[in-house]
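Here the protein sequences come in this chain order: W and D.
With the working numbering applied, the first sequence covers 37 to 416.
With the working numbering applied, the second sequence covers 43 to 339.
What follows is a single structure, written as structure tokens, with notes after it.
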Amino acid sequence: MDIHEYQAKERFRSVGIPVPPGRVVSTPEEAEVAAEEYGGTVVIKAQVHSGGRGKAGGVKLAEHPEEARDYASEILGMDINGLPVDKVLVTPAEDIDTEAYVGVVIDREAQAATFMVSPEGGIDIEEVKRTNPKAIRNLSIDPRYGMLPHQAYWLASFLYDDPNLADQARKIIAQLYDAFVSSGAKMAEINPLITTPAGEVKAIDAKMSIDDSELFRRPDVAKMRDTSSEPPSETKAREAGLSYVKLDGDGEVGLCVNGAGLAMATMDLVAYYEGKPANFLDIGGSSNPDKVVAALEIITSDPNVKVILFNIFGGITRCDDVANGIIEAIEKIDIELPIVIRLTGTNEDRALEILEDAGLSAYTSMDEVVKKAVELAGAA
Amino acid sequence: MAIFIDSDTKVLVQGITGRDGSFHTREMMSYGTRVVAGVTPGKGSQTFEGPNGSNVPIFNGMDEAVHETGANTSVIYVPPRFAAGAILEAAEAGVELIVAITEGIPVLDMARAHAFARDRGVRVLGPNCPGLISPGKSKVGILPGQIVAEGPIGVVSRSGTLTYEAIFQLTTAGLGQTTCVGIGGDPLIGTNFIDCLKEFEADSETTAVVMIGEIGGTDEQEAAVYVKENMSKPVVGFIAGLTAPPGRRMGHAGAIISESSGTAETAKEKIKVFNENGILSAERTADIVGLLQSRLA
């Protein structure tokens, strides 16, 4: 789960990282009031779950309150990488001497939280990785001991020669690790970490992504979820306990599959036969009709979908049970789109009979059912 | 032969009295797995009733359970909030293999649990995995016993039902399996492709391996290089997620092309590296059997 910059900054402040003040507003008038209260130049920053906000015109420097209002009015209602902006952060502009980068992610290979720091901040760190890898220092933190004082200092001293600045950065790096762990994050980033002419080190941007598996024990973080930043169908799927991703473009074949790997393989096979998959949907391991109903409602809420394809592998859950579950679900809701079903595994012959008796097209071959679905989508 | 588990494996079930734990314990016992103990805190001295009148003693803790029964493998059906703790307890109690079925364990908990188990020389399979099965000998986890058959093929995969799909096709085509291993869909897993490939290469009964990967991470690429440099047996591969968009989690917590990774974690890149290293890559799951037969002929 991604959280907004202003929310990540709240997490940072709570562990002591120096972050300039800021106010989140959703109207140009509120932005003007905030700018007036701060006085001087302010930055207006779009709050969306997307990188490249600056490039997209979602970050502007306003020299006086009227300008703050005008820029806020421009940014609110913008679309940044397909995401509507409905909140902006108003924050006093800082005098900047230098810009550095500090980030921490879960590294799959090291199996640990791993820091990456660079004195070249304010730009895309991937760019630095490509063009000047020597300007980056990495360190994995042993999860059993946490961050040790000398490790924070080793990273900080890579950023600054000045002992005063390095000392401030040392604290910030240790605090960032605290924020990372106490938020249940899988990624946290300060870019840029600035120094001011007055010799202060501050975080003027903040980015954080939370491990979904942490949310059950972190209600304060869980409530930061912004459902306005995702399609309503994905909110509904999550609440129904389904794993669903709407694919980009005008996909026509709506998919309902048991298992994540099989769901991806089914999407791929639709594309292999030159069809357009509409979604990823993993319905999980049970034959529960209520889940099937929720899945069908979500799939049919996508207006581009022309055909619904079930691909179910019956293992422990037997195919005949799944067939009965599907029939029960289809009877509960009114669906006009054609439905094709593929069931294979334990008791597949019995399942086919059940489905055919109910007047549904049933298959045991994944290739045949996908070809059929693509054909029906083309004919519709 | 088989890898990791065989008919001598003595299995202990953590969370044996829960809904999933009790169901799958009966499934395992019906398959022939030697389940010797169960652990559920607070339910020690009770007995779990297995199929056909066979009973399994329940213990409060792992230490006692392992010492009393000699269990060498533990399987975990404990809910996410307690699962990492269950792994720590199992590792300390001295089993050799821990199979963690649970999905949704916080990643930071797993980072600690993996380090702890590694220090004690204990192998963890998973988490968020279907477990493993050595047909005709033993199954530990939730893989359906009905779809496997004894034979010479090794199967290793990050997925659940996609693996069943491949196994079912193998079995239908008369290609039985030595062992089928689900290594799990999480970003931090205890046993990776290379660990399994190494075992299959050393196993005298395995003649070829099917390896099923997906988007996210770069385990498949490292495994492909390993295959080229160290394996004499043919390997057929399949990668799911060619149509998966970057930055979106496709069900499994580990099935995500991280936006900072460029193309490194995509299915396209993995297939390319498979091909470069002599792994025949199936475009469709339906092609796996044919490719395997072409390499075995």
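Just so you know, even glycine gets a beta-carbon here, dropped at the ideal spot from N, CA and C.
- According to the DSSP secondary-structure assignment, residue 138 of chain W is paired through a beta bridge with W:153, W:226.
- Boundaries of the alpha helix (DSSP H) harbouring residue 409 of chain W: 402–415, taken from the DSSP string.
- In this structure the segment 82–89 of chain W does not touch the segment 45–58 of chain W; the number of beta carbon pairs closer than 8 Å is below three.
- Residue 368 of chain W is positioned such that its CB atom lies no closer than 8 Å to that of residue 413 of chain W.
- Chain W has no Cβ within less than 8 Å of the Cβ of residue 104 of chain D.
- The beta carbon of residue 183 of chain D does not come within 8 Å of any beta carbon belonging to chain W, so the residue lies off that interface.
- With the rule of 3 Cβ pairs closer than 8 Å, the segment 283–300 of chain W counts as touching the segment 344–355 of chain W.
- The three-state reading of DSSP puts residue 219 of chain D in strand, counting E and B together.
- Chain-ordered, the chain D residues with CB closer than 8 Å to the CB of residue 249 of chain W read 122, 146, 147, 148, 149, 295.
- Just measuring C-alpha positions, the residue of W:98, W:209, W:355 sitting nearest residue 194 of chain W is W:209.
- Residue 133 of chain D sits away from residue 230 of chain D, with the two beta carbons spaced by 8 Å or more.
- Just so you know, the alpha carbons of residue 188 of chain W and residue 200 of chain W end up roughly 14 Å apart.
- For a Cβ distance threshold of 7 Å, residue set 305, 308, 403 of chain W lies close to residue 326 of chain D, ordered along the chain.
- The three-state reading of DSSP puts residue 70 of chain D in helix, counting H, G and I together.
- The DSSP-derived three-state label of residue 79 of chain D is strand.
- Residue state for residue 256 of chain D is assigned as strand, using DSSP reduced to three classes.
- The way I'd put it, the segment 47–61 of chain D does touch the segment 112–120 of chain D; three or more beta-carbon pairs between them come closer than 8 Å.
- Fully enclosed beta strand (DSSP E) runs of no fewer than 3 residues occupy 59–61, 78–82, 95–98 of the segment 43–98 of chain W, in order along the chain.
- For residue 313 of chain W, the chain D residues whose C-beta falls within less than 7 Å of its own C-beta are 285, listed in chain order.
- Where residue 239 of chain D is concerned, the enclosing alpha helix (DSSP H) starts and stops at 235–244.
- Of the residues assessed, residue 416 of chain W falls on the exposed side of the cut-off, its CB having fewer than 16 other CB atoms within 10 angstroms.
- Between the segment 147–159 of chain W and the segment 175–188 of chain W, the count of C-beta pairs closer than 8 Å reaches three or more; the two stretches touch.
- Residue 80 of chain D has a beta carbon lying at 8 Å or more from every beta carbon in chain W.
- Residues of the segment 56–74 of chain D with a C-beta atom less than 9 Å from some C-beta of chain W are 65, 66, 69, listed in chain order.
- Neighbours of residue 156 of chain D in chain W, taken as residues whose beta carbon is under 8 Å from its own, are 147 in chain order.
- Under DSSP, the beta-bridge partners assigned to residue 56 of chain D are D:81, D:118.
- What residue 207 of chain D touches in chain W, judged by beta-carbon distance under 8 Å, is 298, 301, 349, 380, 402, going in chain order.
- Residue 243 of chain W is bridged by DSSP to W:225.
- Membership of residue 107 of chain D in the alpha helix (DSSP H) is indicated by the continuous run 104–111.
- Where residue 149 of chain D is concerned, the enclosing alpha helix (DSSP H) starts and stops at 149–161.
- Counting only runs that start and end inside the segment 247–272 of chain W, there is no beta strand (DSSP E) element of at least 3 residues.
- Counting along the chain, no beta strand (DSSP E) covers residue 304 of chain W; the unbroken alpha helix (DSSP H) around it starts and ends at 296–308.
- Cα atoms of residue 64 of chain D and residue 211 of chain D: separation of roughly 29 Å, rounded to the nearest angstrom.
- With distances taken between CA atoms, residue 147 of chain D lies nearest to D:296 out of D:274, D:284, D:296.
- The segment 249–259 of chain D makes contact with the segment 179–198 of chain D; the number of CB pairs closer than 8 Å reaches 3 or more.
- Using a Cβ-Cβ distance cut-off of 8 Å, the segment 212–223 of chain W and the segment 113–124 of chain W are not in contact, since fewer than three pairs of beta carbons, one from each stretch, lie closer than that value.
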